[in-house]
Amino acid sequence: MENSNLLAIAEEFGSPVYVYDSEKIVSQYNRLTKAFKKVKQVKLNYAVKALSNLAILKLMNSLGAGLDTVSVQEVKLGLLAGVSPENIIFTPNGVSLEEIEQVSAMGVQINIDNLSILEQFGAKHPNTPVCIRVNPHVMAGGNSKISVGHIDSKFGISIHQIPHILRIVENTGMNINGIHMHTGSDILDIDVFLYASEILFETAKSFKDLDFIDFGSGFKVPYKTGDIETNIEEFGEKLTKRFNKFCASYGKEVTLGFEPGKFLVSEAGYFLANVNVVKQTTSTVFAGIDSGFNHLIRPMFYNSHHEIENISNPKGKERFYSVVGYICETDTFATNRRISEITEGDILAFKNAGAYCFSMASNYNSRYRPAEVLWHNNKAHLIRKRETFEDLTNNQVQVDIFSKVSEPSS
Ligand SMILES: *Cc1c(COP(=O)(O)O)cnc(C)c1O
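With the numbering used here applied, the sequence shown covers 16 to 425.
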C-alpha cells in the first residue's frame, strides 16, 4: 500500500484505525501453497485468533483455506462467515468437555490435547473421529512465552504417554483420524522443526486410520530489516520430501496440514495513530499518540518490535523519538527510535499490525476499540466500525441501591 492510501484512510475513517491489505494476505497464502505443491493433499487452516474479523475469514474461505479455532465463539464466527464445518478444526486448550461436545455437534473436527478429555469424549462418542495434539517436547526458540512444545508446557499430550493414548483408544473403540503438533510461534531453525516432525511421523505409525497430520504453525515473519524469517521455500522442499516418504511407507495419501496465523496476516496490517503531543524532556523526545496498549499490546506484552513510519512526513529529517501512548500506565511502543521529524497532528503507521493486534485490543481506560478497514482492489472497505459510548455501557446493569451518605453532624 502507498502512504497516500493510508493517509486517505486515516482522513476518511479517523484515528486510530487498523488497515489490512488483502493483496498481501493472498500473496502469503499463495507462497505457502506453492512451497508444498508437490504434496498431493495440503490443507491450510488459518488461525482465527490472529485476526478474527468476518471479512478476513471470508477472504480466507475464498482462497480455499480452512480455519483453526480455539473457542466455540471462533467456530461460530467461522460459520457466520460462510465456512463449512468440515473446513474447521477446533484446537482448544483447557476447555470443558461440554464446549468440545458443542463444537463437535456442529460437525467440526475436534482436536484433543489431554488424556482426561480424550477418555471422557471417547467413552461418550466413540463414533466421532478425533485428532490428537501431541507434545514432541521440542523447544522452538528461547522465549518460553512462545515455545509451547517443551517439557513444562501445558499444551498437548506428551509423546511419552502414547501407550496411555493407545490404551484409551482401544478401550473406547474410538477412531483417531489425525495427529497434530504446534511447537511454538517461531520456526527459526528448519532442522529443529524437521526433528520434531520425525517424532510426529513416528507417533503416526501407531494409528492406522489417519486422514491428516497437522504440523501446526510457527512460521516467522520479519518485523524489521535483518530479521531472520522462516525460509518457506527451503522448508517446503525438505518437509515435502520427508512427508511423501512417510505417505509411501504408511500406505496412504494423508493430508498435510498447517495452521498459520501470523504468516498470513501480520505483514498485511497497518495501525494508524495520530500524534497528540510532542514532549521534550531533559533526555528524550516523546511522541504521544491517540492510542496505547488497549489497542496494540504486543510491544509491551511480548517486547515485539513494530516498525513505525511518520507517513505525514516520510522525507523529513530523521530524529530520535520514544513513541508512547495515552494510557495512564507505562505504555511505550518504541524507545529511542529513528523516525522522520514528527509534528503534532502527524499520522504514524505501525507495521506488522495484522496478527495479534486488534484481536488483543481492550477497552482499558474506557477507550473505544478502533475501526478496521480492508484495502481490497484499490478500495477501502470499512469492516468494523469504531466503538461508541454505548459499547462501553451496553452490558452494564445500572443499579439504584445506594443512598447518599449523610453529612457528618458537627
Ligand atoms: C496460535 C496458534 C496457531 C497460529 O500461530 P502463528 O504463530 O500465528 O502462526 C496455530 N495453531 C495453534 C494451535 C495455535 O494455538
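Here a beta-carbon is modelled for each residue, glycine too, at the ideal position from N, C-alpha and C.
Annotation for Leu-130: Ile-172, Gln-176, His-179, Ile-180 and Ile-183 place their beta carbon closer than 8 Å to its own, counting only its chain and skipping 5 residues before and after.
Rounded to whole angstroms, the gap between the alpha carbons of Lys-49 and Asp-229 is 18 Å. Comparing alpha-carbon positions, the option among Gln-411, Pro-107, Thr-403 and Val-41 lying closest to Gly-231 turns out to be Pro-107.
In this structure, DSSP gives Cys-372 a state outside helix and strand, which the three-state scheme calls coil. Short note on Lys-39: C-beta not closer than 7 Å to any heavy atom of ligand 1. Not one heavy atom of ligand 1 falls within 7 Å of the beta-carbon of Gly-97. The Cβ neighbour count for Cys-343, taken over all protein chains shown within 10 Å, is under 16; the residue is labelled exposed. With a cutoff of 7 Å, Gly-276 counts as near ligand 1, since its C-beta is closer than that to a heavy atom of the ligand. Distance from the CA atom of Ile-40 to the CA atom of Asn-392, rounded to whole angstroms, is 13 Å. Annotated three-state conformation of Ala-288 is strand, per DSSP.
If the five residues before and after Leu-271 are omitted, its C-beta is found closer than 6 Å to the C-beta atoms of Val-54, Val-57 and Phe-258, all from its own chain and listed in chain order. Beta bridge pairing from DSSP links Lys-294 with Phe-301.
Distance between Phe-348 and Gly-369, taken at the CA atoms: about 16 Å.
Closer than 7 Å to some heavy atom of ligand 1: that does not describe the Cβ of Phe-417. In this structure the segment 328-344 lies against the segment 306-314, because at least three pairs of beta carbons, one per stretch, are closer than 8 Å. Remark: fewer than three beta-carbon pairs, one from each stretch, lie closer than 8 Å, so the segment 281-289 and the segment 242-249 are not flagged as touching.
Counting only runs of at least 3 residues, the segment 148-233 fully encloses the following beta strand (DSSP E) elements, listed from N- to C-terminal order: 191-195 and 227-229.
With respect to Met-189, Val-149 sits apart: the two C-beta atoms are not nearer than 8 Å.
The C-beta of Asp-83 has 16 or more other C-beta atoms within 10 Å across all chains shown, which makes the residue buried. In terms of Cβ geometry, Leu-72 and Leu-59 do not form a close pair [threshold 8 Å]. Here Thr-218 is buried. Its C-beta has 16 or more other C-beta atoms within 10 Å. For a cut-off of 8 Å, the C-beta gap from Glu-324 to Leu-363 is around 7 Å, short enough to register as a contact.
Boundaries of the beta strand (DSSP E) around Glu-387: 386-391. Annotation for Met-196: Val-149, Pro-151, Leu-215 and Gly-231 place their beta carbon closer than 6 Å to its own, counting only its chain and skipping 5 residues before and after.
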